[in-house]
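One structure is given here, and the rest of the page talks about it.
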Amino acid sequence: MTDKLNELTAAGVAVWLDDLSRVRLSSGGLDQLRREKHVAGVTTNPTIFAKALSDADEYNWQLHDLATRGVEVEESVRMLTTYDVRWACDVMRPSYDGSDGVDGRVSIEVDPRLAHESDRTVAEAKALWWLVDRPNLYIKIPATEAGLPAITATLAEGISVNVTLIFGLDRYSAVMEAFLAGLEQAKANGHDLSKIGSVASFFVSRVDSEVDKRLEKVGSDQAKALKGKAAIANAQLAYERYTEVFSSDRWKALAAVGAHPQRPLWASTSTKNPDYRDVIYVEELIAPGTVNTMPEAVIHAYADHGETRGDTITGAYDAARKVFADLESVGVDMDDVIVTLEREGVEKFEASWQELLDGVRKSLEAAAKGKGAPNKAAKGNAKAAEKAGGA
Numbered sequence: 001m002t003d004k005l006n007e008l009t010a011a012g013v014a015v016w017l018d019d020l021s022r023v024r025l026s027s028g029g030l031d032q033l034r035r036e037k038h039v040a041g042v043t044t045n046p047t048i049f050a051k052a053l054s055d056a057d058e059y060n061w062q063l064h065d066l067a068t069r070g071v072e073v074e075e076s077v078r079m080l081t082t083y084d085v086r087w088a089c090d091v092m093r094p095s096y097d098g099s100d101g102v103d104g105r106v107s108i109e110v111d112p113r114l115a116h117e118s119d120r121t122v123a124e125a126k127a128l129w130w131l132v133d134r135p136n137l138y139i140k141i142p143a144t145e146a147g148l149p150a151i152t153a154t155l156a157e158g159i160s161v162n163v164t165l166i167f168g169l170d171r172y173s174a175v176m177e178a179f180l181a182g183l184e185q186a187k188a189n190g191h192d193l194s195k196i197g198s199v200a201s202f203f204v205s206r207v208d209s210e211v212d213k214r215l216e217k218v219g220s221d222q223a224k225a226l227k228g229k230a231a232i233a234n235a236q237l238a239y240e241r242y243t244e245v246f247s248s249d250r251w252k253a254l255a256a257v258g259a260h261p262q263r264p265l266w267a268s269t270s271t272k273n274p275d276y277r278d279v280i281y282v283e284e285l286i287a288p289g290t291v292n293t294m295p296e297a298v299i300h301a302y303a304d305h306g307e308t309r310g311d312t313i314t315g316a317y318d319a320a321r322k323v324f325a326d327l328e329s330v331g332v333d334m335d336d337v338i339v340t341l342e343r344e345g346v347e348k349f350e351a352s353w354q355e356l357l358d359g360v361r362k363s364l365e366a367a368a369k370g371k372g373a374p375n376k377a378a379k380g381n382a383k384a385a386e387k388a389g390g391a
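In terms of the UniProt record's numbering, the sequence shown opens at residue 1 and continues consecutively.
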């Protein structure tokens, strides 16, 4: 059988997993995906952790210890999540070493409630970097207006960054500017640029969800014919901007001293509309130097029936611009779409973070009352994870 994920990797797309849980770690599932499905990185977000921690049994032993120590809820969340991310970094370390530090990365996000506070975001990024203490970590910072200076300042400290929640082209250009400025400051601060990594997470399927909703409201045949086209066109034009920035003299000066480019990462790549092909946001976004982070179901779907047709981006710029022009002609305001998606994206992660806090608070209370004592399985997980550094 053809190894379709290997073909995708050979075409220049790094396959990353958009999920993490202690079950996945303790079972060896993540390592299996790395070895058998070419998974070369991991992304997480508050929603993923809220779901993972809802399965309290896998975390009982650590919750018991945290409750015994009287650790506050927010700090307990940091201990729980950084434990998992540290363990995942160790699992992915062979990919990191084998790619000269480009892949094998695991991402953890700053508290999303800080999305509009630059200084506190930087402080949180530094704390997470210190807590996980692994070179193959990425700190996720949202691409809000307040996030941009935080991205630069964090990179300037020599900390690798995954810039998340990018929806629009102009904001993406600002993200790349923040990256270049951060590397220039890092160089001035004496950091080895070859050790600093970054990706820019450009969200895909959510764009179609929002645009398609507006096209349905317009209701004309011309509008309905544009459904399912906006997200791919948006990402293709983002890649065009990427190629322009990372062929500039400014970038070449940084590359000459060991810097790695900030790769575009296609996020939110599971299809929300069942009428669309389940791997469309992978097949139509293939180009060298990109990352596609996928839920496990999409990884398996691509392994089963994905089609790698070579570069599906660089020859499509004019067609993508026409999609944008056609959207404007039927009354879809893409600027408003982007503003809406960014606001909703932050709100969704804030809600997931609150869900995570509430869940951990209840678990800590139960553990303090003796209802969450560590069980044998949880103790086994703790022993298996000793190299991850503990709570």
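From the three backbone atoms N, C-alpha and C, an ideal C-beta is built for every residue, glycine too. The structure presented is a predicted model; accordingly, all values stated were derived computationally and were not measured.
Under the three-pair Cβ rule at 8 Å, the stretch 110-123 counts as touching the stretch 144-159.
In terms of Cβ geometry, Phe-49 and Leu-265 do not form a close pair [threshold 9 Å]. By the C-beta density criterion, His-260 is buried, having at least 16 other C-beta atoms within 10 angstroms.
Burial state of Gln-62 is buried, judged by a 10 Å Cβ sphere holding 16 or more other Cβ atoms.
Selection Arg-22, Ser-201 and Leu-183 evaluated against Val-91 yields Arg-22 as nearest (Cα-Cα).
Put simply, of Leu-8, Asp-65 and Lys-4 the residue whose alpha carbon is nearest the alpha carbon of Ile-286 is Leu-8. Shown here, Met-79 sits in a helix according to DSSP, grouped into three states. When Ile-159, Phe-246 and Glu-240 are compared, the shortest CA-CA separation from Asp-318 is found for Glu-240. In the three-state DSSP reduction, Pro-288 falls in the coil class, being neither helix nor strand.
In the three-state reduction of the DSSP assignment, Asp-111 falls in the coil class, being assigned neither a helical nor a strand state.
For Arg-35, the enclosing alpha helix (DSSP H) starts and ends at 29-36. A distance below 7 Å between beta-carbons, with the five flanking residues on each side excluded, links Pro-295 to the following residues of its chain, in chain order: Asp-18, Asp-19 and Ser-270. Around the Cβ of Asn-189, a 10 Å sphere holds fewer than 16 other Cβ atoms; the residue is exposed. As a beta-bridge residue in DSSP terms, Arg-263 pairs with Val-199.
Between Ile-159 and Ser-107, the gap from beta carbon to beta carbon reaches 9 Å or more. DSSP places Leu-137 in the strand class (E or B) of the three-state scheme.
For Leu-20, the three-state secondary structure derived from DSSP is coil.
Around the beta carbon of Ala-297, fewer than 16 other beta carbons lie within 10 angstroms, which makes this residue exposed. When Leu-193, Val-204, Gly-98 and His-191 are compared, the shortest CA-CA separation from Ile-166 is found for Val-204. The beta carbon of Trp-353 lies closer than 6 Å to those of Pro-46 and Pro-112 in the same chain, with the five residues before and after it left out. For the options Asn-136, Gln-185 and Val-245, the alpha carbon positioned closest to that of Val-175 is the one of Val-245. If you draw a straight line from the Cα of Thr-154 to the Cα of Glu-36, it comes to about 34 Å.
Within the same chain, and ignoring the five residues on either side of Lys-227 in sequence, the residues whose Cβ sits closer than 7 Å to its Cβ are Asp-212 and Leu-215. CA-CA distance, Val-257 to Gly-331, rounds to 47 Å.
The beta carbons of Leu-183 and Leu-193 sit about 6 Å from each other, so the pair counts as a contact at 8 Å. Nearest in C-alpha terms to Gly-359, of all of Lys-51, Gly-12 and Arg-34, is Lys-51. With 16 or more other CB atoms across the displayed protein chains lying within 10 angstroms of its CB, Thr-82 is buried. Residue environment analysis places Thr-68 among the exposed positions, since fewer than 16 neighbouring C-beta atoms fall within 10 angstroms of its C-beta. Contiguous beta strand (DSSP E) elements confined to the stretch 263-334 occur at 263-267 and 290-294, taking only those with 3 or more residues.
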